[in-house]
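Here is the structure we will look at, set down as structure tokens.
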Amino acid sequence: MTRTLSASAQAPRDPALKKTDKAALRAIAQAAVDVELFTIPLYMTSLYSIQGMHAITGQGNDFYQGRLWPGSKTSANPVTANDQAFNLVFSVFIQEMLHLQMAANMATVLGVSPNFTDTALQDDRHGWTCYGPANSVIPNIIDLKDTIHHEDVPVNVGPLSDTQLRLFIAIEQPEADARANIKQGKEKDYFPEAPFADWKPGQPLPRFGTIGWMYQCYYDYLSLTYSDGSTLWDLMFTPTAVQNDLFNSFSSPGHPMREFMGFETTIATTDQAIAFEQMISMMDAITDQGEGSEIQRRPQLLQAVKPKYQPSNTALRADYPSYDDAGTQIPSADAVARSDNDPMDHYERFKKVAELLPQVVTWPMWLEKNKAWTAKELQGPDYDPSNPLKLPTPDELATALNALNEPSARAESHKLLSQAVIGAIAGVTTVLNDYWNPPATGPVLFPFPSMAGSGDRMSIAWAVLGLTPDLSIGLDPAKPGKLYHSCQALDLDGAGDNACAAVEIFHTCRGSNNCHAQGGCGFVQPISGGGNCGSAVVTRGFGGGCAGPGASGGCGLPPQKLYSAPSDNRCGGFGGCAVPISASQVFPNTGQMQLYDFVENSQGKDGWQSVAFGDPMLYQRGEKVHDVAYRAYQAVMEHRGKSVPADPPGPDNLRLVFPPST
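If you read the sequence shown in this note's numbering, its first letter stands for residue 22, the second for the next number, and so on.
As structure tokens, this is what we get:
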């Protein structure tokens, strides 16, 4: 443990103050979650404003060889200013997700259920109210109008720019810089001593001045003692706390190594003393990675971030392999982006991005210069014009990108693409609520694919219009009892009309769909549920042994593993990923699907009950997902005694420009 207890927190307290102190510590725990979450859409918006193209890749996947989609990605050989800037901001973005995980794990140890849709940041429609052109407050930290050097900086999302970098630097600045930056007469409003004088439960917390000082106050409250011999930690410690881990988990084939060898990213609740030390270690990791606050150093002589708080390059290469568009493994770009930059704290990284900024090209700048998309920007040297899978051509994609940016369409496109981004982010935050507060139906998986999908949606929004997505407008709530559908012409309440999915159910991962018929595209899930998005669709299993189907061993074929059709998944978490379905999405393997009809039943989810029917439906490797979804839809309607058009409609512009999932 490296922190020093503030003098104000060292004297034993009156036991009568325990109730107030518990409320304050709970509020700080949620404030830490809010602060870390606040940075993620903010940094993500600027990250994906950096112009660039990428291929759709995956292990053994050559479906999209020679095709390019708008959106920058990490680079294993960052030569250009865009490559370097993207790698730098990406490395910060990933660490903010780590900080969010640790803040949530710390909260649960104190008996606090972390809220990722908290009204401090969002309204009840998932609109982000903490950002805006007139906003000046970094939540819980500081009002920039009270600063000398940042009083003109809005707390708003936007393209990577000098203004945005000034905001990012204000967020990540160390304590000494922040204190010197506060206007005369405003000092008393910041850097409160813990425990807070005259604070009462239900009141807003005092503003901390820096993220580092927030964690100092967090530590001071954790360390409070009372004259009766008890401690606040004794009163708050929760040995049954839910602990979740994305970064140091190494039990799955897709993430075989823990990333951080020098510290724990979860808390061992079996031992109260060890748990306390791990809480403090997490706080040190967050502040050291953000501000470099543990080290006093001369410039250029020492790394800002201690090695124990840096990820293992070996682990990153194992956990995040890269592939080219022929499916061949290549050096890990994510590992390079993080290993090269994680020795610097966030403050230093943003300073470095500022140095690169004059050479960086953003999507607004690119569109201003190029005016319109052409096919040549959307294809690489290995593009096969014979198009064996009959995917949309680069010409068709360019036409769709330009159509969405026509003057008559821009306003509606901006709203639609903004809401697509909002829905993607909401698909993350709402699942995170269940991730740390498991519902009665059982635990849920970390929505990592939704995180990646959110970046894809953000990239497309930037590349189509060159306008900042409006994250404040929110989404209309889904109507109770309505049977929604996942894409064009798949409405089970209709008759093959061309209506696309309602924007309020747009999402990027099967883990974030709400319920029946919202499964979307990509990677069908077993009808039993379980598993996450990914291209490893299991097909037939054949084995030896000596028993009939369904037995634990024996001669004969084990039962065929059945999957949920993308258009009619039986319930939340069972369908494929991404609504609406990308027109370029194909299935990575062959398999069979169980079909479901939906009948009104008060015992079912939202008044609908899924009912399996008919024989399993075969789908083939490389078959377009929407074509399969339409076949499943036709089968359901035929089962109902209704007819629909024989062929699915052509894809709309939004489905054309959305990239496929991998």
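The C-beta atom is built at its ideal place from N, Cα and C for all residues, glycine as well. Since we're looking at a predicted model, the values are computed, not measured.
Measure from the alpha carbon of residue i to the alpha carbon of each residue in the options, then state which is nearest.
| i | options | result |
| --- | --- | --- |
| Val357 | Thr349, Asp366, His367, Ser343 | Ser343 |
| Gly223 | Ala44, Leu245, Pro666 | Ala44 |
| Leu165 | Val133, Ser182, Asn202, Leu142 | Asn202 |
| Val620 | Gly612, Met614, Gln630 | Gln630 |
| Met638 | Lys645, Glu659, Leu616, Cys508 | Leu616 |
| Pro277 | Gly179, Arg338, Arg661 | Arg338 |
| Thr95 | Gly87, Arg88, Asp104 | Asp104 |
| Thr129 | Asp455, Ile163, Asp405 | Asp455 |
| Phe679 | Asp219, Ser664, Pro225, Ile602 | Ile602 |
| Gln613 | Tyr640, Asp355, Leu438, Glu285 | Tyr640 |
| Thr335 | Met282, His170, Arg47 | Met282 |
| Pro160 | Ala215, Ala197, Pro91, Gly230 | Gly230 |
| Lys221 | Lys372, Leu496, Leu46 | Leu46 |
| Leu492 | Pro501, Ala482, Val646, Ala419 | Ala482 |
| Ala424 | Thr138, Thr286, Gln440, Asn674 | Asn674 |
Apply the 10 Å Cβ neighbour rule to residue i and answer buried if 16 or more other Cβ atoms are within range, or exposed otherwise.
| i | result |
| --- | --- |
| Lys40 | exposed |
| Gln606 | buried |
| Ser302 | buried |
| Glu208 | exposed |
| Gly543 | Any reading at Gly543 is ruled out, since the residue's pLDDT is 39, under 50, leaving its predicted position unreliable. |
| Arg16 | Since the first residue of the chain shown is 22 and the last is 683, residue 16 is not available in this structure. |
| Pro332 | buried |
| Arg676 | buried |
| Pro112 | It should be pointed out that residue 112 corresponds to Ser in this sequence rather than to Pro. When all chains shown are included, Ser112 counts as buried. |
| Ser434 | buried |
| Phe189 | buried |
| Pro406 | exposed |
| Leu410 | exposed |
| Ser573 | Because Ser573 sits at a pLDDT of 30, beneath the cut-off of 50, its placement in the model cannot be relied upon, and the point is left open. |
| Thr25 | exposed |
| Pro33 | exposed |
| Arg652 | buried |
| Val442 | buried |
| Gln51 | buried |
| Ser439 | buried |
If you follow the beta strand (DSSP E) that residue i is part of, which residue opens it and which one closes it?
| i | result |
| --- | --- |
| Pro385 | That residue, Pro385, is in no beta strand (DSSP E); its alpha helix (DSSP H) goes 384–391. |
| Phe634 | 629–640 |
Quick check on the DSSP output: the alpha helix (DSSP H) that includes residue i runs from which residue to which?
| i | result |
| --- | --- |
| Gln51 | 39–68 |
| Trp254 | 253–257 |
| Asp183 | 183–193 |
| Gly502 | No alpha helix (DSSP H) holds Gly502; DSSP gives it neither H nor E. |
| Gln310 | 293–312 |
| Trp457 | 431–457 |
| Cys238 | 232–243 |
| Tyr654 | 646–660 |
| His120 | 102–130 |
| Thr150 | Unbroken run through Thr150: none, as it is neither H nor E. |
| Ser157 | Careful: Ser157 lies outside any alpha helix (DSSP H) and carries neither H nor E. |
Given a cut-off of 7 Å on the beta-carbon distance, is the pair residue i and residue j in contact?
| i | j | result |
| --- | --- | --- |
| Ile232 | Gln264 | no |
| Val185 | Ser29 | What sits at residue 185 in the sequence shown is Gln, not Val. Going by C-beta atoms, Gln185 is not nearer than 7 Å to Ser29. |
| Gly87 | Gly401 | yes |
| Glu117 | Pro195 | no |
| Pro415 | Ala396 | yes |
| Gly487 | Pro385 | yes |
| Tyr240 | Thr308 | no |
| Thr259 | Gly132 | yes |
| Asp618 | Val665 | no |
| Leu453 | Ala106 | no |
| Tyr341 | Ser360 | no |
When you compare the CB of residue i with every CB in chain C, is at least one pair closer than 7 Å?
| i | result |
| --- | --- |
| Gln400 | No chain C is present in this structure, which holds just one protein chain. |
At least three beta-carbon pairs within less than 8 Å, the segment 129–146 to the segment 45–63: yes
Cβ contact (3+ pairs, closer than 8 Å) linking the segment 241–257 and the segment 67–75: no
Touching by the beta-carbon criterion (3+ pairs, under 8 Å), the segment 145–155 and the segment 175–187: yes
Contact between the segment 120–131 and the segment 57–68 (3+ Cβ pairs under 8 Å): yes
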